[in-house]
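All remarks here apply to the structure that follows.
In our numbering, the protein residues as written are 80 to 480.
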């Protein structure tokens, strides 16, 4: 109840400070090395500025071809004229302007973006940076992550998680000239969101909200697809012990699409694998001695006097999760698995189920993350200023001013 009251008061106070919007810098098409791209203004217009202070307006449906050659950025307009630069920027004339970017070399699907675009030369390739308002960026992140037709409360949950990640990791790529990349190394971001009223409501309602620990530090807001009925502590797979990432019994994930899985492995292959991991076993070892039960999550799989982490087995065999039991049957080991993903933090399918059952987004977040607070980051002393400082391009931005 106190949490709900605090969030309500925060939203009221936000009316007076919501103008303090902050931009983030997202490296696009990471980690691909881009040599050539096609830009198309699909809505509105963009003012073009280069390192030589040449002004040009990119109008709706107008196209430009950009390519990297001999350390320079070459741009060809619709008349077939070529121009060379060391860097360039495309500044959106208004919030509704949309720029479509279609990689030509390598060939990739085109994507559409709100906000501004910076183009820099890095090791004779194009570095594309989308400069976009944090809240608008989150709409693209959340839609990429959970799709365009999720429950409203899940949108709120994922928005707060995404915002927490962005704030916590804002300096992750600082010395590369941007904040975050657009693939799973940071947060998956495939461009502007398509029309989804619930998604826009979720971002608006949760504006500025992040998850913090008892020391007012943004938490490591990790998530996975399905817990298999039980999440696990962070220190079971990573070398970190975080008080808010503790095991949680999770019946909400059961019965969901990725709650269970199985895999058959020939006995000879499993024994060979264990031998490669320095297990002191023989080729004719009794298979029953190599079975294992994992009713609740365990860190290690044991056979005879040797052990290996379940997370390592998952990695080596490309399994859905490290939450599985091993049974023997007719020359095969049967891996009876549960869940999908690392199992730490929030279960997305569990959260979907909770949202469908009518749980509030605060209840969902506090179910999976222990002893956390939901607070507007604008109220954390110094956080906005440090964020704003990190938003300045290193060493300068063509979009400034």
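Heads up, the beta-carbon is just placed ideally off N, CA and C, and yes, glycines get one too.
Query: Residue 273 burial status per 10 Å Cβ neighbour count (16 or more: buried); Result: exposed
Query: Which listed residue (207, 345 and 142) has its alpha carbon closest to that of residue 112; Result: 207
Query: Inter-residue Cα distance where the pair is residue 427 and residue 119; Result: 35 Å
Query: At least three beta-carbon pairs within less than 8 Å, the stretch 293 to 313 to the stretch 234 to 249; Result: yes
Query: Distance, residue 201 Cα to residue 104 Cα; Result: 16 Å
Query: Residue 116 beta carbon less than 8 Å from that of residue 177; Result: no
Query: Sequence-distant residues of its chain with Cβ nearer than 6 Å to residue 150 (five each side left out); Result: 203
Query: Alpha-carbon to alpha-carbon, residue 218 and residue 124; Result: 22 Å
Query: Own chain partners of residue 454 with C-beta closer than 6 Å, once the 5 adjacent residues on each side are dropped; Result: 291
Query: Residue 251, DSSP secondary structure in three states; Result: coil
Query: Exposed unless 16 or more other CB atoms sit within 10 angstroms - verdict on residue 328; Result: exposed
Query: Secondary structure of residue 476, DSSP reduced to three states; Result: A caution first: residue 476 carries a pLDDT of 35, below 50, which makes its placement in the model unreliable, though a value can still be read off. Three-state DSSP puts residue 476 in coil, outside helix and strand.
Query: Status (buried if at least 16 other CB within 10 Å, exposed otherwise) for residue 309; Result: buried
Query: Euclidean distance between Cα positions of residue 405 and residue 385; Result: 16 Å
Query: Where the alpha helix (DSSP H) containing residue 223 begins and where it ends; Result: 213 to 225
Query: Alpha helix (DSSP H) segments (min. 4 residues) lying fully within the stretch 402 to 441; Result: 427 to 435
Query: Contacting residues, own chain, Cβ-Cβ under 8 Å from residue 359 (five flanking each side not counted); Result: 383, 384 and 385
Query: Boundaries of the alpha helix (DSSP H) in which residue 347 is found, first to last residue; Result: 346 to 355
Query: Three or more C-beta pairs below 8 Å linking the stretch 276 to 284 and the stretch 253 to 262; Result: no
Query: Segment contact, 8 Å Cβ cut-off, at least three pairs: the stretch 401 to 418 with the stretch 431 to 440; Result: no
Query: Residue interval of the beta strand (DSSP E) (run including residue 176); Result: Element bounds for residue 176: n/a, residue is neither H nor E.
Query: Simplified DSSP assignment, three categories, for residue 273; Result: coil
Query: Cβ-based burial, residue 306 [other Cβ within 10 Å; buried from 16]; Result: buried
Query: Length of the line joining the Cα atoms of residue 346 and residue 315; Result: 27 Å
Query: Sheet register partners of residue 106 (DSSP bridge); Result: 208 and 260
Query: The stretch 156 to 165 / the stretch 180 to 193 touching (three or more Cβ pairs under 8 Å); Result: no
Query: Contact between the stretch 328 to 342 and the stretch 363 to 372 (3+ Cβ pairs under 8 Å); Result: no
Query: Nearest residue (CA-CA) to residue 220, options 232, 251 and 260; Result: 260
Query: Cβ pair residue 295, residue 451 closer than 8 Å; Result: no
Query: CB of residue 216 within 8 Å of CB of residue 268, strictly; Result: yes
Query: Range of the contiguous alpha helix (DSSP H) that encloses residue 395; Result: 389 to 396
Query: Outcome for residue 233 when other beta-carbon atoms lying within 10 angstroms are tallied against a minimum of 16; Result: buried
Query: Residue 456 classed as buried or exposed, judged by whether at least 16 other C-beta atoms fall within 10 angstroms; Result: buried
Query: Residue environment, residue 171, which counts as buried when at least 16 other CB atoms sit within 10 Å; Result: buried
Query: Whole-angstrom distance between residue 248 and residue 90, CA atom to CA atom; Result: Here the model assigns residue 90 a pLDDT of 44, short of 50, so the residue's position is not dependable and the matter cannot be decided.
Query: Alpha-carbon to alpha-carbon, residue 210 and residue 289; Result: 21 Å
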